[in-house]
Amino acid sequence: MNRKWRSIIAVLLALTLLVAFVPGCAKDEPADEPTTDETVTEEPKTDIKAAMVTDVGGLGDKSFNDLAYAGLQKAEQELGVEIQVLESKEITDYESNIDQLATAGYNPIFAVGFLMTDTVVKLASVYPDTNFGGVDEEFYDGIPGNVVSLLFNEHEGSYLAGVVAGLATKESFDSKLNSDNVIGFVGGMDVPLIKKFEAGFIAGAKSVNPDVKVISLYTGNFTDQAKGKELGYSLIEQKADVIFAAAGACGTGTLVACQEKGALFIGVDADQYITIPGSGDVMLTSMMKRVDAAVFGAIKSMVDGSFKGGTAQYFGLAEDGVGLAPYHDFETKVPQSIKDAVDKARQDIITGTIKVPETP
Amino acid sequence: MSESRETLPAHRAWMTVAQKVGTPIASVILAIGIGSVIMWASGYDPVAAFAALFKGSFGGPKQIGDTLLRSTPLILTGLSVAYGFRAGLFNIGAEGQLFMGGLVVAWLGVALTGLPWVVMVPLLVVAAMLAGAAWAFVPAILKARIGAHEVITTMMFTYIGRYIVSWLVVGPLKAPGQIPQTDALPIGSQLPRIQTLFSEATLEALPFLKLGRAHLGIVVAVIAALVVWFILKYTTLGYENRAVGFNPWASETGGISVQWTTVKALCISGALAGLAGAVEVMGVHHRIFDQFSSGFGFTGIAVALLAKNHPLGVIPAAILFGALSAGAGTMQLEAHVPQKIILIIQALVIFLVAAEEIVTWFIKRRQKEALSHVG
Amino acid sequence: MPVLELREITKVFPGVVANDRVSLVLERGEIVALLGENGAGKSTLMNVVYGLLSSDGGQVLVDDKPVKIKSPRQAIDLGIGMVHQHFMLVEPLTVTENIVLGREPGRFGVIDFTTAHKKVQEIATRYGLKVDPDARIMDLSVGMQQRVEILKALYQGARVLILDEPTAVLTPQEAKELFSVVRSLVDEGLSVVFITHKLEEVMSVSDRIIVMRDGRVVGETKPSETDDVGLARMMVGRDVVLSVEKGPSECAAEVLEVTDLHVKDDRGLEAVRGVSFTVCGGEIVALAGVSGNGQSELIEAIVGLRRPVGGRLMLKGVDITHASARVSIEAGVSHIPEDRHRRGLVLEFDLAENLILGDHRMPPYATRGIMHPSAVTATAEKRIADYDIRTPSWHVLASNLSGGNQQKVVVAREIGRNPELLVAAQPTRGLDVGAIEFVHRQILKERESGKAVLLVSLELEEVLSLADRILVIYEGRIVREFTAGEADEETLGYFMTGGGGTKLEDEGRTEHAEMAEGDA
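Residue numbers (our numbering), protein chains in the order written: chain A, 535 to 894; chain B, 311 to 685; chain C, 250 to 769.
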């Protein structure tokens, strides 16, 4: 028996070693080949190398890290730029990741998430010839000349989500809706950015349903799905039947709570009906934040030379920077009255008839 | 068998040393091996990946600096956990003690603005250690008095500590602006980056000093490791700590108070974790916010395990974890390997060290083999 | 035809020959005692036979056929069973489950418990090994667990049974029962090899005695042809003084004075119920009693490990009733604990560290919390030499020493401290004759140098040979006191087991009170 084990281990170890060294010796680098092919066939129109650094949520958050990356990929396809993404595992990675990209000659570099604001300021001065895009980053002490701040009027889109939720909770087009006239909001961190979502959502709901009760809860971060689920349970227990989550990856947990306990869900950032497969039974709609469009736009401005550093760009309903996703599975169920109310609210916001508050 | 042991001290001593150092190294090599298989199987080039990893962590002074930066808190939390283990205590709550240390520094460092650096820095360091010790004190007393298991209590205190920080940074201690964080520390309470201590000319002459982000915290951490080593080896405090860790009953018979030793051990462990929080705040972020620690307290457990709870072994163990973290970016950039692979390798190291029996078993088997061939 | 024969078995560990051309013959239906000091190579030899170690030379024959035994499995298949000192039972499983483990009757992986049960019962009755087949191992006493081990070997079809120091973990009563079981086994035709270092066991149970020393067989004899002294000489290789020579004791001054002491045990029950006695300098007072009659609690109270609930303890006029172990050590109390692995040694410490446990705070080993390694190692080297601790150096971990040498470490430390009072609990348990002689000599030396000694032992022989006065403890009270030469084993045994009842107990106390007065 001992001998048998010994030989098994020996074989395994030998395999491990083989596998570790043979491919390297053979100079077999399959990963690199397609990229070279691509650049040849694509015929690059530009030598711009664009890159992004994710926040600790990383790729696969089905929310704005993925969206920013989608913008980057679109630029790769349509503008022929070379792209690169570095994921951050911890806060300490922000600086070293941006630093490495800048050293490697990437320009522009996008820093996704407001937690990187300080780091961008610091490195923008170290690398004055590199352009930076700060997604969701508001620079209170002035925007450095080589940085463009990409901001969104989340409150406007959230207002529309509020209109949908405020009206839906009074309806009964789905069995998960009750007659208690309560809706819920799950936020990530209790910070001004997320407060904009909450403020817009409440204002939208109250505008169509003055008596509606809106309960808001915060997870305290953007990564803890269990916490998101827990808050989802809590809201449903308090009779909420439509829940809007603006909490990054936490929202996925809230979505699961809705599926388990029976409530409708409004997604955030991306069209989460598409990014989270299997969510169709509760996904009423999503409040999209077109980070992809903003990132793509910024790269495009680099390519055509219209990049304006030191400025903040706002993406609202008028710019199609925020908006509601299709209803998908609920398309036929949602009454026309709701759809009409949403259209009207959008027009009124664009024309300025409605002024959406940014704080609740 | 006993006779062979008694007559073969040199042989055995050599074996023990080799085993002590050998198993962790074997675990790391095995982890790298398995990691390579995983990379290869998912279509990446492991050699290029590890080359990039090495380049990103030790490729130049700046990279080494980055590795040191990341190793600094891990040395301290590793020491914290190791010291506890040496008394037979599993301080799983170093993370919470680290948060309290960081919090006290972020608060006092701003509140006492104006004090000179030479006064401020030692003051903050001591305050952070006291805060960490205080955070371990209640679990320590509960353990000593009613036997409440420290794994449960220190973990609970971690949650309490983290939530206190979460609340303070959005509430009473929040700096102006949209980010939930405290005000930045004044220069006078920061641990400066090592390269800022030298003049431009010196740096030009001695380029290896351009250690990028590495700050004086690494010096603090190494000193702490030496102090802990000295305590364990050359003081009655350390002697009693180890005695209680190995055999509380015999210690009691030898006139050592097990309860008091337990309290002291957990508080010292907490103080070291608090110090880790202090150097992170003073050297890296200069303020505290919700996610200022990426689980250093928990990684410290892995560091302590890898170091076999030896205070000096903690240094290379922490540097290994720091290097894995520092090189991850370059690995993504140059070998296009996703950083999740790094997480897998870290997890493998932890798993293999924890499941050390596997490796020891393998070594023992070979020893037995060797023995049976003698004569 | 011998059932088992060993020819020239040699086993070499790097640097030491554990078995040097050992030959041995075991006939059907006999008990052979394999006698030798700790480390003589007895266990190594039997581990070779049982397939746990591979030999480096020689031959094993079973029923006159040469065999190669590479694993215990093969040994079992050849009808060789072994019961180790440390049992290899699965604690949460029942007796039956443990016995059939590895050889479960039944088909297709379904265990036929009815058959298993029946078979176990059958074997148990046949050899007179009474045990509840449905009891869980963890609920059984050590003696019962050993019985299960024997049953397991029998169930597996053992014809040769090797018992490795079987009485080391047993009480005298349990040992007696074991001997009768072994007797009935050989009556049924089995052969037994009995590894031991205890002379009296060898004399009472074996048919033939094979003595080993330093890996070699140094002699073979029969109980009828030898005596204790002869065996001891063979075993140790020199004359061993088994009886102790000592002069009459002189009470210089009272060192320990125990007055109406009450102590509770871990369950909160009163284990010591009003005990009073004194120990003088230059006197050995022995506490005799059946295990569990309050001796442990009494000792723990004296050395500061347990707080008394009533009464008073005085050491040379200083009240140490509520002293901690540390204060008690500093006041001059040394303690050789009854369980050296648990209480006496830190097995993971090296010898130097173990040799100063308890003194580690005091100069010269430490000043103001800083230890002085040179002083520690100097003392270690001195004590290793003085107390004949067999070790290459103080670097060796305590766990790597044999039991006898471990005990010497404890004795060296506790006596080396130069205490006023030495409390020695079962100081010779598990030791071979050579070591016992040594420990006894050390205890007597203390007495001669005017120190007070309180000895607790379950071995009446030891009590009778060492003590100047003997206190018999029964159910937490001292029921009788004897002076040296006044009592014999039978009398002691009678009072130890509650003989005499309350009346005598009262008498004992009165007598004791008188004695105390007399002393004063």
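Glycine included, every Cβ here is placed at the ideal spot set by N, Cα and C. Note that the coordinates shown come from a computational prediction; the quantities given were computed from them, not determined experimentally.
Output the residue ranges of the alpha helix (DSSP H) runs that lie fully inside the segment 590–648 of chain C and measure 4 residues or longer, sorted by chain position.
Those alpha helix (DSSP H) runs which fall completely within the segment 590–648 of chain C and span 4+ residues are 600–603 and 622–635.
Using alpha carbons as the reference points, say which of Ser871/A, Gly591/A and Ala780/A lies closest to Asp724/A.
In the first sequence, residue 724/A corresponds to position 190, counting from 1. The shortest C-alpha separation from Asp724/A is found at Ala780/A.
DSSP three-state call for Asn641/A: helix, strand or coil?
By one-based count along the first sequence, residue 641/A stands at place 107. Strand.
Would you report the Cα separation of Glu672/A and Leu685/A, rounded to the nearest angstrom?
Within the first sequence, the letter at position 138 stands for residue 672/A. Within the first sequence, the letter at position 151 stands for residue 685/A. Between Glu672/A and Leu685/A, the C-alpha separation is close to 7 Å.
For the segment 552–575 of chain B, which residues have a CB atom closer than 8 Å to at least one CB atom of chain C, in sequence order?
From the segment 552–575 of chain B, only Arg552, Ala553, Phe556, Asn557, Trp559, Ala560, Ser561, Glu562, Thr563, Gly564, Gly565, Ile566 and Ser567 have a Cβ closer than 8 Å to chain C.
Does Gln759/A have its Cβ less than 8 Å from a Cβ in chain B?
Numbered from its first residue, the first sequence carries residue 759/A at position 225. So no, Gln759/A is outside the interface.
With a CB to CB cut of under 7 Å and the five nearest residues on each side skipped, what residues in its chain are close to Val741/B?
Lying before the first or after the last residue shown, residue 741/B is absent from chain B, which here runs from 311 to 685.
Anything in chain B within Cβ reach of Met723/A, meaning under 8 Å, just list it in chain order.
In the first sequence, residue 723/A corresponds to position 189, counting from 1. The contacting residues are Val480, Pro490 and Asp600.
Give me the Cα-Cα distance between Glu590/B and Pro482/B, rounded to the nearest whole angstrom.
Here residue 590/B refers to the residue found at position 280 when the second sequence is read from its first residue. Here residue 482/B refers to the residue found at position 172 when the second sequence is read from its first residue. Glu590/B and Pro482/B: Cα-Cα distance of roughly 21 Å.
Beta carbons nearer than 7 Å to chain C: which residues of the segment 523–549 of chain B have them?
From the segment 523–549 of chain B, only Tyr544, Thr545, Thr546, Leu547 and Tyr549 have a Cβ closer than 7 Å to chain C.
Of all the options Lys453/B, Leu521/B and Ser381/B, which has the alpha carbon lying nearest to the alpha carbon of Ser604/B?
Counting from one through the second sequence, the residue named residue 604/B turns up at place 294. The residue with the shortest Cα to Cα distance from Ser604/B is Ser381/B.
Taking Ala520/C as part of the beta strand (DSSP E), name the residues at either end of that continuous run.
Sequence index remark: in the third sequence, residue 520/C carries index 271 (1-based). Ala520/C -> beta strand (DSSP E) spans Glu519 to Cys529.
Suppose you measure from the CA of Ala502/C to the CA of Val534/C; what does that come to, to the nearest Å?
What you label residue 502/C is simply residue 253 of the third sequence in a count that begins at 1. What you label residue 534/C is simply residue 285 of the third sequence in a count that begins at 1. Rounded to the nearest angstrom, the two C-alpha atoms are 14 Å apart.
Against Gly593/C, what residues of chain B qualify as contacts under a CB-to-CB distance less than 8 Å, listed in chain order?
In the third sequence, the residue the question calls residue 593/C occupies position 344. Within chain B, the residues near Gly593/C are Ala560 and Thr563.
Measuring straight from C-alpha to C-alpha, what distance separates Arg589/C and Gly565/B?
For the purposes of this step, residue 589/C is taken as residue 340 along the third sequence, with counting starting at 1. For the purposes of this step, residue 565/B is taken as residue 255 along the second sequence, with counting starting at 1. Going from the Cα of Arg589/C to the Cα of Gly565/B covers about 15 Å.
At 3 residues or longer, and completely inside the segment 756–795 of chain A: list those beta strand (DSSP E) runs for me, N to C.
Fully enclosed beta strand (DSSP E) runs of 3 or longer: 776–780.
Is it true that the CB of Lys319/C sits closer than 8 Å to the CB of Gly307/C?
By one-based count along the third sequence, residue 307/C stands at place 58. By one-based count along the third sequence, residue 319/C stands at place 70. No, the pair does not count as a contact, with Cβ atoms beyond the cut-off.
Should Tyr549/B go down as buried or exposed, given a rule of 16 or more other Cβ atoms within 10 Å for buried?
Walking along the second sequence from the start, residue 549/B turns up at place 239. Classification for Tyr549/B: buried.
How many whole angstroms separate the CB atoms of Pro678/A and Ala584/A, which I take to be in contact at a CB cut-off of 8 Å?
The residue labelled residue 678/A in the question sits at position 144 within the first sequence. The residue labelled residue 584/A in the question sits at position 50 within the first sequence. Incorrect: roughly 18 Å between the Cβ atoms, too far for contact.
Short check: CB of Asn347/C to CB of Ile411/C, under 8 Å?
Looking up residue 347/C in the third sequence gives position 98. Looking up residue 411/C in the third sequence gives position 162. The answer is no: Cβ separation not under 8 Å.
Is there a C-beta anywhere in chain B that falls below 8 Å from the one on Ile258/C?
Indexing the third sequence from 1 puts residue 258/C at position 9. By this cut-off, Ile258/C is not an interface position.
By how many angstroms is the C-alpha of Val418/C removed from the C-alpha of Asp376/B?
Residue mapping note: residue 376/B aligns to position 66 of the second sequence, counting from 1. Residue mapping note: residue 418/C aligns to position 169 of the third sequence, counting from 1. Going from the Cα of Asp376/B to the Cα of Val418/C covers about 59 Å.
Determine, using beta carbons only, whether Lys565/C and Glu669/C come nearer to each other than 8 Å.
The residue you call residue 565/C lines up with position 316 of the third sequence. The residue you call residue 669/C lines up with position 420 of the third sequence. For Lys565/C and Glu669/C, yes; Cβs fall inside 8 Å.
How would you list, in chain order, the residues of chain A whose beta-carbon sits under 7 Å from the beta-carbon of Gln649/B?
In the second sequence, residue 649/B corresponds to position 339, counting from 1. The answer, in chain order, is Glu621 and Lys623.
With Lys700/C and Leu671/C assumed to form a contact (beta carbons below 8 Å), what rounded beta-carbon distance in angstroms separates them?
Residue 700/C sits at position 451 when you count from the first residue of the third sequence. Residue 671/C sits at position 422 when you count from the first residue of the third sequence. Yes, they are in contact, since the Cβ atoms of Lys700/C and Leu671/C sit about 6 Å apart, within 8 Å.
Do the segment 870–884 of chain A and the segment 708–718 of chain A meet, that is, are 3 or more Cβ pairs less than 8 Å apart?
Output reads no: the segment 708–718 of chain A does not touch the segment 870–884 of chain A.
Over the uninterrupted alpha helix (DSSP H) stretch that includes Ala612/B, give me the two end residues.
Walking along the second sequence from the start, residue 612/B turns up at place 302. Ala612/B -> alpha helix (DSSP H) spans Phe606 to Leu616.
Say whether the segment 531–545 of chain C touches the segment 715–727 of chain C, bearing in mind that this needs 3 or more beta-carbon pairs closer than 8 Å, one atom from each stretch.
Enough Cβ pairs lie closer than 8 Å, so yes.
Let me know the secondary structure DSSP gives Ile411/C once reduced to three states.
Residue mapping note: residue 411/C aligns to position 162 of the third sequence, counting from 1. Strand at Ile411/C.
How close, in whole Å, do the beta carbons of Val660/C and Leu650/C come, if the pair is a contact with beta carbons under 8 Å?
On the third sequence, residue 660/C is found 411 positions in, with the first residue counted as 1. On the third sequence, residue 650/C is found 401 positions in, with the first residue counted as 1. Contact doesn't hold; Cβ gap of about 13 Å is too wide.
Alpha carbon to alpha carbon, how far is Asp826/A from Glu576/A? Give it in angstroms, no decimals.
Taking the first sequence and counting its residues from 1, the one referred to as residue 576/A is at position 42. Taking the first sequence and counting its residues from 1, the one referred to as residue 826/A is at position 292. The pLDDT assigned to Glu576/A is 45, lower than 50, so where the model puts this residue is not dependable, and the model offers no usable value.
Ala622/A to Asn755/A, Cα distance in whole Å?
Residue 622/A sits at position 88 when you count from the first residue of the first sequence. Residue 755/A sits at position 221 when you count from the first residue of the first sequence. Position check: residue 622/A holds Ser in this sequence, whereas Ala was assumed. The alpha-carbon atoms of Ser622/A and Asn755/A are separated by roughly 16 Å.
Would you kindly work out how many angstroms separate the C-alpha atoms of Pro334/B and Ala617/B, rounded to a whole number?
On the second sequence, position 24 is the one that residue 334/B refers to. On the second sequence, position 307 is the one that residue 617/B refers to. If I take the Cα positions, the gap works out to 7 Å.
Below 6 Å CB to CB, which residues in the same chain sit around Asn572/C once its five sequence neighbours on both sides are set aside?
Translated into positions along the third sequence, residue 572/C becomes position 323. The residue you asked about is not Asn; residue 572/C is Ala in the sequence shown. These residues qualify, in order along the chain: Gly553.
Using three-state DSSP, classify Asp571/A as helix, strand or coil.
Position 37 of the first sequence, counted from the first residue, corresponds to residue 571/A. Since pLDDT at Asp571/A reaches only 41, below the 50 mark, its modelled position is unreliable, and no value is offered.
By how many angstroms is the C-alpha of Gly850/A removed from the C-alpha of Leu789/A?
Numbered from its first residue, the first sequence carries residue 789/A at position 255. Numbered from its first residue, the first sequence carries residue 850/A at position 316. Going by the C-alpha atoms only, they are around 26 Å apart.
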